[in-house]
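Undergrad: In this note's numbering, the protein residues as written are 3 to 411.
This structure is in structure tokens; I'll ask about it shortly.
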Amino acid sequence: MTSSNISELSDIYTLDVPDMDIWPKAEKILTARVSSGDIYVDWEDGRVSRFQALWLREQCPCIQCHSEITRETLFDITDLSIDVQAKICVLDADGYLIVQWDQDGHESRYHPGWLRANCYDDWARTGRETGKPTWDKDFEIPAFEAGGVLEDDDQLYDWLVALDRYGLTRLYNASTDTGTVEKVANRIGQIRPSNFGSIFEVVSRPDANSNAYLSVELPLHMDLPTRETPPGLQFLHCIVNDAEGGESLFADAFHVAKFLKQTAPEVYEIVTTVDYPFRNRALDCDYRTAGPLIRLDADGHPVESRINTFLTAPITHLPHDQLKKALEARHHLMRLVKEDRFRVQFKLRPGEIVAFDNRRALHARTEFFPNTGNRLLEGCYLDRDDLHSALNMQARRKRCEAIRKSEAT
Ligand code: OGA
Ligand code: ZN
Ligand code: ZN
């Protein structure tokens, strides 16, 4: 966000909601009623929302409940009675919901836009589900002009949406100056440093502390699988790439996971549940962790992969038979990952940046030959959280602009 946009947001920021977000009052509440202590709201579009009483009481936006400075909660939520109930609920002249609570007579006033944005009825939850499409070799990587992303918030937003959705994007027409990748990354947030520094130079060198800094082929992998939470994003900026070879490859681990689930469910079961150990090699640091090769959320959807064949460590926590099965399962998955049907391949051009989800879009490069020319990339990492925060802030800015526009007409 630029500082001018931030001040615009603070102009419109209101103590009518228990957070610092901005919501339109597009959808009006027609009636509100109490039933068994919970609050029911009938919306103008015919939808109905039911708010559990304790849930709503906790979110009271008044300045006794939420600091007018920080907007963080001032009371101890466990001091509320678990069966607090609404005694009265009515609408005020501005269409806000007023609730009087039974126990301490506290009165709360809720912004209809905030209620609509936060309701959790079946229709609302379903409407917010955003299944992410997965991709294979035919994927046309979404591409954005680097200057637009740097200068223009709407183009930034479009890029962030694509990065979040597909986990792989390209930026073109960037400068070939060193430091460019940092500028682009800072459009999202703070760079996450690692033992390779804040910005790392991918170049073939005699004192390499990673296979990436040799000229050898790098098979499809993620970076830093040795960390409890590996970086969520990786950027690689091509500065020079005129040596022979050194082409880039990408594969969507979530797409491979889908295929594996259908074709070899018993292998899928193992790679999603067994902890596989990883360890870096270095004279000055010793990172180790273990995790499933594909991690699923509570609904069984892949949320991250941990795939890398050159930073594995010996499995020491499984008895022989299980260990053998775990190795066979990994073998199966890794063979699959390499299949042509899953991967896109191209050669990065100077002034091009690839930005990808390090825990989803596996990356690789073919061998290159330093005696035929130069190859230099600059790279860095960020976390997924920063992408999500930047996306939320851009969405907030867009809502703010829409509200201003509607007020002006
Ligand atoms: C890396 C890496 C890819 C490349 O630095 O981790 O995978 O194209 N580099 O050199
Ligand atoms: Zn209150
Ligand atoms: Zn890498």
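Quick reminder that beta carbons are idealized off the backbone N, C-alpha and C, glycines included.
From a predicted model like this one, the values you see are computed outputs, not experimental measurements.
Is DSSP giving residue 16 helix, strand or coil here?
TA: As a position in the sequence shown, residue 16 is number 14, starting the count at 1. Of the three classes helix, strand and coil, the one that applies to residue 16 here is coil, per DSSP.
Undergrad: Across which residues does DSSP place residue 103 in a beta bridge pair?
TA: On the sequence shown, residue 103 is found 101 positions in, with the first residue counted as 1. The partner list for residue 103 (beta bridge, DSSP) reads 88.
Undergrad: Considering only DSSP beta bridges, list what residue 367 is partnered with.
TA: By one-based count along the sequence shown, residue 367 stands at place 365. Per DSSP, 220, 250.
Undergrad: I need the straight-line Cα distance from residue 151 to residue 81, nearest angstrom please.
TA: Within the sequence shown, numbered from 1, the residue matching residue 151 stands at position 149. Within the sequence shown, numbered from 1, the residue matching residue 81 stands at position 79. Whole-angstrom Cα-Cα distance: 47 Å.
Undergrad: Check whether the Cβ of residue 319 lies closer than 7 Å to any heavy atom of ligand 3, and answer yes or no.
TA: Sequence index remark: in the sequence shown, residue 319 carries index 317 (1-based). No, the Cβ of residue 319 stays beyond 7 Å of every heavy atom of ligand 3.
Undergrad: So if I measure from each beta-carbon to every heavy atom of ligand 2 and keep distances below 6 Å, which residues remain?
TA: Listed by chain position, these are 62, 64, 66, 67, 108, 110.
Undergrad: Output the residue ranges of the beta strand (DSSP E) runs that lie fully inside the stretch 157-195 and measure 3 residues or longer, sorted by chain position.
TA: For the stretch 157-195, whole beta strand (DSSP E) runs of length 3 or above, ordered along the chain, are 170-174.
Undergrad: What's the C-alpha gap between residue 370 and residue 210?
TA: Indexing the sequence shown from 1 puts residue 370 at position 368. Indexing the sequence shown from 1 puts residue 210 at position 208. Approximately 15 Å between the Cα atoms of the pair.
Undergrad: Straight-line CA distance for residue 49 to residue 62?
TA: As a first step, residue 49 is located in the sequence shown; it is residue number 47 there, counting from the start. As a first step, residue 62 is located in the sequence shown; it is residue number 60 there, counting from the start. Approximately 23 Å, taken between the alpha carbons.
Undergrad: Going by beta carbon distance, what residues of the same chain come within less than 7 Å of residue 268, once the five residues before and after it are set aside?
TA: Your numbering for residue 268 matches position 266 in the sequence shown. Within the same chain, residue 268 has no close Cβ partners at all.
Undergrad: Do residue 234 and residue 389 come within 8 Å of each other at the CB atom, strictly closer than that value?
TA: The residue given as residue 389 occupies position 387 in the sequence shown. The residue given as residue 234 occupies position 232 in the sequence shown. Cβ atoms of residue 389 and residue 234: closer than 8 Å.
Undergrad: Could you give the DSSP three-state label for residue 5: helix, strand or coil?
TA: Counting from one through the sequence shown, the residue named residue 5 turns up at place 3. Low local confidence applies: a pLDDT of 49 at residue 5 is under 50, so the model's placement there is unreliable, with the coordinate-based value given in what follows. Note: residue 5 maps to helix in three-state DSSP.
Undergrad: If you drop the 5 nearest sequence neighbours on each side, which residues of the same chain put their C-beta closer than 7 Å to that of residue 249?
TA: Here residue 249 refers to the residue found at position 247 of the sequence shown. For residue 249, where only same-chain residues beyond five positions count, the Cβ hits under 7 Å are 347, 348, 349, 367, 368.
Undergrad: Just to confirm my understanding: we take residue 341, look at its own chain, exclude 5 residues before and 5 after, and list those with CB closer than 6 Å. What are they?
TA: Here residue 341 corresponds to residue number 339 of the sequence shown, with the count starting at 1. Cβ neighbours of residue 341 beyond the five flanking positions: none.
Undergrad: Does the stretch 306-314 touch the stretch 280-293, meaning 3 or more C-beta pairs lie closer than 8 Å?
TA: The answer is yes - the stretch 306-314 touches the stretch 280-293, with three or more Cβ pairs under 8 Å.
Undergrad: Return the CA-CA distance between residue 84 and residue 106, expressed in angstroms with no decimal places.
TA: Here residue 84 corresponds to residue number 82 of the sequence shown, with the count starting at 1. Here residue 106 corresponds to residue number 104 of the sequence shown, with the count starting at 1. Cα to Cα, the separation comes out at about 13 Å.
Undergrad: Touching or not, the stretch 239-254 and the stretch 175-188, by the rule of three or more beta carbon pairs under 8 Å?
TA: Segments in contact, yes.
Undergrad: Which whole-angstrom value is the C-beta distance of residue 294 and residue 273, which I expect to be below 8 Å?
TA: Taking the first residue of the sequence shown as 1, we reach residue 294 at position 292. Taking the first residue of the sequence shown as 1, we reach residue 273 at position 271. Contact flag correct, Cβ pair sits at about 6 Å.
Undergrad: Considering only heavy atoms of ligand 1, does any lie closer than 7 Å to the CB of residue 225?
TA: As a first step, residue 225 must be located in the sequence shown, where it is residue number 223. The answer is yes for residue 225.
Undergrad: Report back the beta-carbon spacing between residue 317 and residue 300 to the nearest angstrom; my notes put them in contact at under 8 Å.
TA: One-based indexing of the sequence shown puts residue 317 at position 315. One-based indexing of the sequence shown puts residue 300 at position 298. With 8 Å as the limit, residue 317 and residue 300 do not qualify as a contact, their Cβ atoms being about 26 Å apart.
Undergrad: Quick one: measure Cβ to Cβ for residue 237 and residue 186, integer angstroms, because I've assumed they're closer than 8 Å.
TA: Looking up residue 237 in the sequence shown gives position 235. Looking up residue 186 in the sequence shown gives position 184. About 7 Å; that satisfies the 8 Å criterion.
Undergrad: Specify the secondary structure class of residue 205 as computed by DSSP and reduced to three states.
TA: The residue you call residue 205 lines up with position 203 of the sequence shown. Correct three-state label for residue 205: coil.
Undergrad: By alpha-carbon positions, which one of 100, 79, 64 ends up nearest to residue 31?
TA: As a position in the sequence shown, residue 31 is number 29, starting the count at 1. Residue 31 has its Cα closest to that of 100, out of 100, 79, 64.
Undergrad: Mind checking whether residue 129 and residue 362 have CB atoms under 8 Å apart?
TA: Walking along the sequence shown from the start, residue 129 turns up at place 127. Walking along the sequence shown from the start, residue 362 turns up at place 360. The answer is no: Cβ separation not under 8 Å.
Undergrad: Which word fits residue 359, buried or exposed, when buried means at least 16 other C-beta atoms lie within 10 angstroms of its C-beta?
TA: Locating residue 359 in the sequence shown gives position 357, where the first residue counts as 1. Label assigned to residue 359: buried.
Undergrad: Would you kindly report the start and end of the unbroken beta strand (DSSP E) that includes residue 347?
TA: Taking the sequence shown and counting its residues from 1, the one referred to as residue 347 is at position 345. Note, residue 347: beta strand (DSSP E), 345-348.
Undergrad: Check for me: the alpha helix (DSSP H) holding residue 237 runs from which residue to which?
TA: Locating residue 237 in the sequence shown gives position 235, counting from the first residue. Premise fails: residue 237 lies in the beta strand (DSSP E), 235-243, not in any alpha helix (DSSP H).
Undergrad: If we ignore side chains and look at the alpha-carbon of each, how far apart do residue 326 and residue 275 end up?
TA: Here residue 326 corresponds to residue number 324 of the sequence shown, with the count starting at 1. Here residue 275 corresponds to residue number 273 of the sequence shown, with the count starting at 1. Distance between the alpha carbons of residue 326 and residue 275 is about 15 Å.
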